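Student:
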Amino acid sequence: MAPRRGGGGGFGFSSSSSCSDNGAFTTTYSKGFLAAYCVYLVAFLVLLSLFGVTRKKHPAAKTVVTWPLFGLSLLFFFFTYISSLVTQVLYECGTIGVFDEIKGTIAVVVFVRIAEILLLAVVLIPLTSCLQRLIGRNANMIRIIHGMVLAFLSSIAIAFLAIESYNYYNFDAEEFGDKTSLFDQQNRLAVAYYILYMVVVVIAGIGLIMTLVQGSSKGVTGGSINIWIPLLALSMLLWLILTIVVNVYYGLQAHIASDGANIAYEFIIDFFQAFSFFCILMIAGSSAVAASGSSQTQEPVYNPATPVYGTQHQPVYQQPQQTVYQPAQQPVYQNYQSYQQPQQQYAYQQPQQQYAYQQQSPSSQAPEVVHHSAAQINHLAP
Numbered sequence: 001m002a003p004r005r006g007g008g009g010g011f012g013f014s015s016s017s018s019c020s021d022n023g024a025f026t027t028t029y030s031k032g033f034l035a036a037y038c039v040y041l042v043a044f045l046v047l048l049s050l051f052g053v054t055r056k057k058h059p060a061a062k063t064v065v066t067w068p069l070f071g072l073s074l075l076f077f078f079f080t081y082i083s084s085l086v087t088q089v090l091y092e093c094g095t096i097g098v099f100d101e102i103k104g105t106i107a108v109v110v111f112v113r114i115a116e117i118l119l120l121a122v123v124l125i126p127l128t129s130c131l132q133r134l135i136g137r138n139a140n141m142i143r144i145i146h147g148m149v150l151a152f153l154s155s156i157a158i159a160f161l162a163i164e165s166y167n168y169y170n171f172d173a174e175e176f177g178d179k180t181s182l183f184d185q186q187n188r189l190a191v192a193y194y195i196l197y198m199v200v201v202v203i204a205g206i207g208l209i210m211t212l213v214q215g216s217s218k219g220v221t222g223g224s225i226n227i228w229i230p231l232l233a234l235s236m237l238l239w240l241i242l243t244i245v246v247n248v249y250y251g252l253q254a255h256i257a258s259d260g261a262n263i264a265y266e267f268i269i270d271f272f273q274a275f276s277f278f279c280i281l282m283i284a285g286s287s288a289v290a291a292s293g294s295s296q297t298q299e300p301v302y303n304p305a306t307p308v309y310g311t312q313h314q315p316v317y318q319q320p321q322q323t324v325y326q327p328a329q330q331p332v333y334q335n336y337q338s339y340q341q342p343q344q345q346y347a348y349q350q351p352q353q354q355y356a357y358q359q360q361s362p363s364s365q366a367p368e369v370v371h372h373s374a375a376q377i378n379h380l381a382p
């Protein structure tokens, strides 16, 4: 949302304070913001639908567009426009006054701060981890570092939100310029918060683009992801730069924004915020993320019997397949034993036959020797 409700810019109530007396939505200001709320309420409703379709159509997209981060960020932005629209209608119809409208802004700023932090968390954690995993790197250390950065920025966002809520709840036209109010602190903290936010986005964007370059050199990234990641970084950078400019010019320097300027800021900033979500959805549905998800699910499975791993990692998984060769060796070993058994019996029986033959040989030759000796004797006797 534009800094009209989120930062230290103008409140935008001066030109609309008497609209309830003249009729609802008769000024350019009220019509412009009503149109912005309606347009982006529908836009985020479409994004919520695309979120569900993307998760259902591309299972690997769930690693990027997760419910706790991406889904809740979308919902909080959606609730922001609902709250803004309801507050605007009640105010224009005269149901609530201008100060009640400003106090009702507390719900809006709460939704905006949470949605912004969750959007940054999507970029820092699941999206960065997905690309690191795609090029074969371990993203545990990066997740820890990004988590620490996110925690630090969240603490600043909480302090910013506390000051905003205090100022809006205790707002009174008579005390607007009173030194007891914290609007100056709110403006300074708003600028510091968004500058730090932008620095983190720039560093994260550079890291994502460098990962794409490394993935392209390895041949693992390509296609639409090479388009949507630079567009995501550019989109987030544009709405942050514009938000900082608005906070500095209309907050710290106390310039009064015109109705047309307020409406323009609302449309432009909200457009780039919505487009950032759209870019993340396109990245999650890309073929590169699908390949990353398939590799993540297949990597821990080491089943030698699966044909997929036999073809992809044949030198690794087929050499130690003892469980495959043991059943084939067992019957061969048994046959070998059964084949050698008769050879041993035959080798053992062979000497017995020879021994038996040798024992029978002398007995069969003995009578011949004796008979021959007798003949010689008879022949020699005369």
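Residue 112 in the working numbering is what sits at position 112 of the sequence shown, and the numbering runs on without skipping anything.
Glycine is no exception: its CB is placed at the ideal position from the N, C-alpha and C atoms.
Since this is a predicted model, take the numbers as computed values, not measurements.
For Ser165, which of Val53, Ile106, Val46, Lys31 has the nearest alpha-carbon?
Tutor: On the sequence shown, position 165 is the one that residue 165 refers to. Nearest of Val53, Ile106, Val46, Lys31 to Ser165, Cα basis: Ile106.
Student: Rounded to whole angstroms, what's the CA-CA distance from Phe171 to Glu116? Just pull it up for me.
Tutor: By one-based count along the sequence shown, residue 171 stands at place 171. By one-based count along the sequence shown, residue 116 stands at place 116. Approximately 25 Å between the Cα atoms of the pair.
Student: Classify Gln360 as buried or exposed, calling it buried when 16 or more other Cβ atoms lie within 10 Å of its own Cβ.
Tutor: One-based indexing of the sequence shown puts residue 360 at position 360. Low local confidence applies: a pLDDT of 43 at Gln360 is under 50, so the model's placement there is unreliable, with the coordinate-based value given in what follows. Burial call: exposed.
Student: What separation, rounded to the nearest whole angstrom, lies between the Cα atoms of Gly205 and Val248?
Tutor: Mapped onto the sequence shown, residue 205 falls at position 205. Mapped onto the sequence shown, residue 248 falls at position 248. Roughly 24 Å between the two C-alpha positions.
Student: Rounded to the nearest angstrom, what separates Tyr265 and Lys218 at their Cα positions?
Tutor: Position 265 of the sequence shown, counted from the first residue, corresponds to residue 265. Position 218 of the sequence shown, counted from the first residue, corresponds to residue 218. Roughly 42 Å between the two C-alpha positions.
Student: Decide yes or no for the touch test of the segment 125-133 against the segment 201-215: beta carbon pairs closer than 8 Å, at least 3 of them.
Tutor: As far as the Cβ criterion goes, the segment 125-133 touches the segment 201-215, which means the pair count is three or higher.
Student: What number of angstroms, rounded off, separates the C-alpha of Leu150 from the C-alpha of Phe79?
Tutor: Position 150 of the sequence shown, counting from 1, holds the residue named residue 150. Position 79 of the sequence shown, counting from 1, holds the residue named residue 79. Going by the C-alpha atoms only, they are around 23 Å apart.
Student: So, are the CB atoms of Tyr81 and Tyr40 less than 8 Å apart?
Tutor: To locate residue 81, count along the sequence shown from 1; it is residue 81. To locate residue 40, count along the sequence shown from 1; it is residue 40. Yes, Cβ-Cβ distance for Tyr81 and Tyr40 is below 8 Å.
Student: Expressed to the nearest angstrom, what Euclidean distance is found between the alpha-carbon atoms of Pro271 and Val42?
Tutor: Taking the first residue of the sequence shown as position 1, residue 271 is located at position 271. Taking the first residue of the sequence shown as position 1, residue 42 is located at position 42. Residue 271 is actually Phe in this sequence, not Pro. Approximately 12 Å, taken between the alpha carbons.
Student: Quick check on DSSP: helix, strand or coil for Cys279?
Tutor: Start at 1 with the first residue of the sequence shown, and residue 279 comes out as number 279. Cys279 falls in the helix class under three-state DSSP.
Student: Name the residue from Val199, Val65, Ser292, Phe76 whose alpha carbon lies nearest to the alpha carbon of Leu238.
Tutor: Translated into the one-based positions of the sequence shown, residue 238 becomes position 238. Nearest C-alpha to Leu238: Val199.
Student: Could you check if Gly94 is buried or exposed, using at least 16 other CB atoms within 10 Å of its CB as the buried criterion?
Tutor: Reading the sequence shown from its first residue, position 94 is the one you call residue 94. Its Cβ having fewer than 16 others within 10 Å, Gly94 is exposed.
Student: For the segment 96-145, list the beta strand (DSSP E) runs that are entirely contained and at least 3 residues long, ordered along the chain.
Tutor: Those beta strand (DSSP E) runs which fall completely within the segment 96-145 and span 3+ residues do not exist here.
Student: Applying the criterion that 16 or more other CB atoms from any shown protein chain within 10 Å of the CB defines a buried residue, is Ile227 buried or exposed?
Tutor: Position 227 of the sequence shown, counting from 1, holds the residue named residue 227. Result: exposed.
Student: In chain order, what residues of the same chain have a beta carbon less than 7 Å from the beta carbon of Ala261, not counting five sequence neighbours either side?
Tutor: Within the sequence shown, numbered from 1, the residue matching residue 261 stands at position 261. No residues qualify anywhere along the chain.
Student: Leaving out five residues on either side along the sequence, give the residues of the same chain with a beta carbon under 6 Å from the beta carbon of Gly32.
Tutor: In the sequence shown, the residue the question calls residue 32 occupies position 32. The residues are Ile263.
Student: May I ask which residues mark the beginning and end of the alpha helix (DSSP H) holding Ala35?
Tutor: Position 35 of the sequence shown, counted from the start, is the residue given in the question as residue 35. Its alpha helix (DSSP H) spans residues 28-57.
Student: What is the DSSP secondary structure of Gly383, reduced to helix, strand or coil?
Tutor: In the structure as shown, the chain begins at 1 and stops at 382. Residue 383 is therefore absent and cannot be evaluated.
Student: Leaving out five residues before and five after Gln273 in sequence, what residues of the same chain have Cβ atoms less than 6 Å from its Cβ?
Tutor: Taking the first residue of the sequence shown as 1, we reach residue 273 at position 273. If we look at Gln273 and ignore the five residues flanking it on each side, its Cβ neighbours are Trp239.
Student: Can you tell me whether Ala36 is buried or exposed? The criterion is at least 16 other CB atoms within 10 Å of its CB, across all chains shown.
Tutor: Against the sequence shown, residue 36 aligns to sequence position 36. With 16 or more other Cβ atoms within 10 Å, it is buried.
Student: State the Cα-Cα distance for the pair His146 and Thr27, rounded to the nearest angstrom.
Tutor: Taking the first residue of the sequence shown as position 1, residue 146 is located at position 146. Taking the first residue of the sequence shown as position 1, residue 27 is located at position 27. Roughly 45 Å separates the two Cα atoms.
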